[in-house]
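> Take this structure first; my questions come after.
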Amino acid sequence: MFPEVQNASQFAAQVQKPCNNLDGNSLPVSAFVPGGRVPCGTSQYEKRGIAIQVPKVDMDKCTQCNKCSLICPHAAVRPFLMTSQELGKAPASFKEGSRSAIGGGVLDNYQYRIQVSPWDCTGCELCVRICPADALSLGPAEKAIQEEEANWNFAVALPDRGNEIDKTTVKGSQFQKPYLEFSGACEGCGETPHVKLMTQLFGDRLVIANATGCSSIWGGSNPSFPYTTNSKGEGPAWANSLFEDNAEFGFGMRKAFKQRRDYLALQVEVCTPLNLRDTLADQSVKMSDELRQALQQFLVMRKEQMHDLLLPKGRSIYHQIMEKLVPLLEKEKTDHPKIHNLYDLPLGEPCNYHRNSRRLRFTLYQRVFVMQPLPQPREDMFGRSSFWIVGGDGWAYDIGYGGLDHVIASEEHVNILVLDTEMYSNTGGQASKATPKGAMAKFAEGGKLTQKKDLGQMAMTYKNVYVASI
Numbered sequence: 001m002f003p004e005v006q007n008a009s010q011f012a013a014q015v016q017k018p019c020n021n022l023d024g025n026s027l028p029v030s031a032f033v034p035g036g037r038v039p040c041g042t043s044q045y046e047k048r049g050i051a052i053q054v055p056k057v058d059m060d061k062c063t064q065c066n067k068c069s070l071i072c073p074h075a076a077v078r079p080f081l082m083t084s085q086e087l088g089k090a091p092a093s094f095k096e097g098s099r100s101a102i103g104g105g106v107l108d109n110y111q112y113r114i115q116v117s118p119w120d121c122t123g124c125e126l127c128v129r130i131c132p133a134d135a136l137s138l139g140p141a142e143k144a145i146q147e148e149e150a151n152w153n154f155a156v157a158l159p160d161r162g163n164e165i166d167k168t169t170v171k172g173s174q175f176q177k178p179y180l181e182f183s184g185a186c187e188g189c190g191e192t193p194h195v196k197l198m199t200q201l202f203g204d205r206l207v208i209a210n211a212t213g214c215s216s217i218w219g220g221s222n223p224s225f226p227y228t229t230n231s232k233g234e235g236p237a238w239a240n241s242l243f244e245d246n247a248e249f250g251f252g253m254r255k256a257f258k259q260r261r262d263y264l265a266l267q268v269e270v271c272t273p274l275n276l277r278d279t280l281a282d283q284s285v286k287m288s289d290e291l292r293q294a295l296q297q298f299l300v301m302r303k304e305q306m307h308d309l310l311l312p313k314g315r316s317i318y319h320q321i322m323e324k325l326v327p328l329l330e331k332e333k334t335d336h337p338k339i340h341n342l343y344d345l346p347l348g349e350p351c352n353y354h355r356n357s358r359r360l361r362f363t364l365y366q367r368v369f370v371m372q373p374l375p376q377p378r379e380d381m382f383g384r385s386s387f388w389i390v391g392g393d394g395w396a397y398d399i400g401y402g403g404l405d406h407v408i409a410s411e412e413h414v415n416i417l418v419l420d421t422e423m424y425s426n427t428g429g430q431a432s433k434a435t436p437k438g439a440m441a442k443f444a445e446g447g448k449l450t451q452k453k454d455l456g457q458m459a460m461t462y463k464n465v466y467v468a469s470i
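In UniProt numbering, the protein residues as written are 1 to 470.
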């Protein structure tokens, strides 16, 4: 019997549950969210329990390397940090399986535990195989549910301490909240660990243009959406394009964001220039010293390297600015029209995505989309977004290569993640230009006659492109 998830959303109760019970055809139109949008993080309510065996952790053997969490395709295995006071409130078996965190620095202040979600694990065994200390072994799922369900519920309610830890290491990255969890991907999927890691590194600043394919099926199938948000409602913005135009789709997102953010920066410089002799400066704009300082910090921050935001100090400064900037603008927006213009998006200005829902809006102008409140704060423009174009080898090597080549040659600051499975995975197994010579696929059993296309080498011919392969 599947568990009833506590504090499930209205969407999960009224739409998702009937669909999973095969009663979706009986749903009235009024049950759906206006505009056809799907809330983020609905996969957490499914609790499918499809595994026969799930991993059990021997914490006495565990070296706290976090590799098991890194490789887990469904974010069902995670490390948790807690204080001694928090551990005192934990279930008895959770306390018994916790150990002092090792690694020095801030870790010395915490207790550590690897926790498995028995309802969400698919039993793929990848964590068991990658563990260097043989600390994980498989056991019956029914027994694990009885013993570990309460432990998991306690663990996920603990405070997120990722901001205290350097996320540029394997171990540190896994203390970050995964914004991709419990997807419908196959057990042992090799794509989701990479995208999950991407969400852990860039999280609430991440904007994804996703080509149609496997990654759009496990990433955005209604009504189960695995991209989730943090406690503040922040998380990745995700949108799915056609198969053939994803590079152009993501390129357009980046160009639009850059144009709007540059325009916002120009308006900020008019109100509070870093150089007081700036001829654009409007000396009539009066504001508090606190707001002026926050706006000037924004101007400085937008010129810094993206890598700085991966380090604890840089992230701390970034979040401090963002947490005080928008409330200050809201408080003082009536003091001067130009301050009001920094806070509110004028009618008719393009609106690309909304922070709270984190799903891209496809309306051209706000006045067209009557369901959206007007005007809308500019807080999505003050933040520093990380743009990623994601797709499989069928898109990148074959059908979408022309657009991909154009984007690579454009010198625009975008990131491209190619999930190279060396065949068309989503459509059943046809050969692609990524398929190695001699390899067989389900619908190409005669073997590939030509060499694999060297996409990385071709990209590097532009000299300004960095290529990494995992």
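Each residue gets a CB set at the ideal place from its N, CA and C atoms; glycine is no exception.
Using a 10 Å radius around the Cβ and a threshold of 16 neighbouring Cβ atoms, would you call residue 228 buried or exposed?
buried
> Quick one, which of 73, 95, 36, 50 has its alpha-carbon nearest residue 59's?
95
> May I ask you to report which of helix, strand or coil DSSP gives residue 56?
strand
> With DSSP collapsed to three states, give me the class of residue 223.
coil
> Using a threshold of 8 angstroms, state whether the C-beta atoms of residue 158 and residue 234 are closer than that.
No.
> Return the first residue and the last residue of the beta strand (DSSP E) that residue 287 is part of.
Segment: none, residue 287 is in no beta strand (DSSP E) and carries neither H nor E.
> By DSSP, does residue 129 sit in helix, in strand, or in coil?
helix
> Do you know whose CA, among 299, 300, 268, 301, lies nearest residue 286's CA?
268
> CA-CA distance, residue 435 and residue 465?
24 angstroms
> Taking contact to mean 3 or more Cβ pairs, one atom from each stretch, closer than 8 angstroms, check whether the stretch 136-149 and the stretch 112-120 are in contact.
yes
> Does the distance from the C-beta atom of residue 447 to that of residue 438 stay below 8 angstroms?
Going by C-beta atoms, residue 447 is nearer than 8 angstroms to residue 438.
> Kindly provide the ranges of any beta strand (DSSP E) runs that are 3 or more residues long and lie completely inside the stretch 401-454, ordered along the chain.
415-419
> Under three-state DSSP, which class holds residue 79?
strand
> Using a Cβ-Cβ cutoff of less than 6 angstroms, which residues in the same chain neighbour residue 398 once the five nearest sequence positions on both sides are dropped?
432, 433
> Over what stretch of residues does the alpha helix (DSSP H) that includes residue 208 continue unbroken?
Unbroken run through residue 208 is the beta strand (DSSP E), 206-210; no alpha helix (DSSP H).
> Locate the alpha helix (DSSP H) running through residue 18, then write down its first and last residues.
Per DSSP, residue 18 is one residue of the alpha helix (DSSP H) stretching across 17-20.
> So what does residue 471 bridge to, in DSSP terms?
Residue numbering for the chain in the displayed model covers 1 to 470; residue 471 lies beyond these limits and cannot be assessed.
> For residue 419 and residue 171, I'd like the C-alpha separation in whole angstroms.
23 angstroms
> Apart from the five residues on each side of it in sequence, which residues of its chain come closer than 6 angstroms, Cβ to Cβ, to residue 402?
none
> Between which two residues does the alpha helix (DSSP H) holding residue 178 run?
Per DSSP, residue 178 is not a residue of any alpha helix (DSSP H), being assigned neither H nor E.
> Quick check: the Cα distance between residue 19 and residue 215, rounded to an integer number of angstroms?
21 angstroms
> Just reading off the alpha helix (DSSP H) that residue 8 is part of, what are its end residues?
Premise fails: residue 8 is in no alpha helix (DSSP H) and is neither H nor E.
> Quick one: grab the DSSP three-state call for residue 116.
strand
> Tell me residue 174's beta-bridge partners as DSSP assigns them.
Answer is none; residue 174 lacks a bridge partner.
> In chain order, what residues of the same chain have a beta carbon less than 6 angstroms from the beta carbon of residue 8, not counting five sequence neighbours either side?
45
> Could you give the distance in angstroms between the alpha-carbon of residue 409 and the alpha-carbon of residue 316?
In a straight line, the C-alpha of residue 409 is about 34 angstroms away from that of residue 316.
> For a test of the three-state rule: what should DSSP assign to residue 483, helix, strand or coil?
This structure does not reach residue 483, given that the chain is present from 1 up to 470, and the question cannot be answered.
> How do the stretch 173-188 and the stretch 121-132 stand: do at least 3 beta-carbon pairs fall below 8 angstroms, yes or no?
Yes, the stretch 173-188 touches the stretch 121-132.
> Figure out for me which residue from 342, 56, 325, 423 has the closest Cα to the Cα of residue 129.
56
> Cβ of residue 423 within 8 angstroms of Cβ of residue 441?
The answer is yes: Cβ separation under 8 angstroms.
> Measure the C-alpha to C-alpha separation of residue 35 and residue 78 and round it to an integer number of angstroms.
35 angstroms
> Whole-angstrom Cβ separation of residue 209 and residue 390, contact assumed at under 8 angstroms?
7 angstroms
> If you follow the alpha helix (DSSP H) that residue 70 is in, where does it begin and where does it stop?
67-71
> Just the Cα atoms here: how many angstroms apart are residue 412 and residue 244?
The straight-line gap from Cα to Cα measures roughly 20 angstroms.
> Kindly indicate which residue of 239, 264, 266 has the alpha-carbon position closest to the one of residue 253.
The residue with the shortest Cα to Cα distance from residue 253 is 239.
> Do you know offhand how far residue 131's Cα is from residue 174's?
15 angstroms
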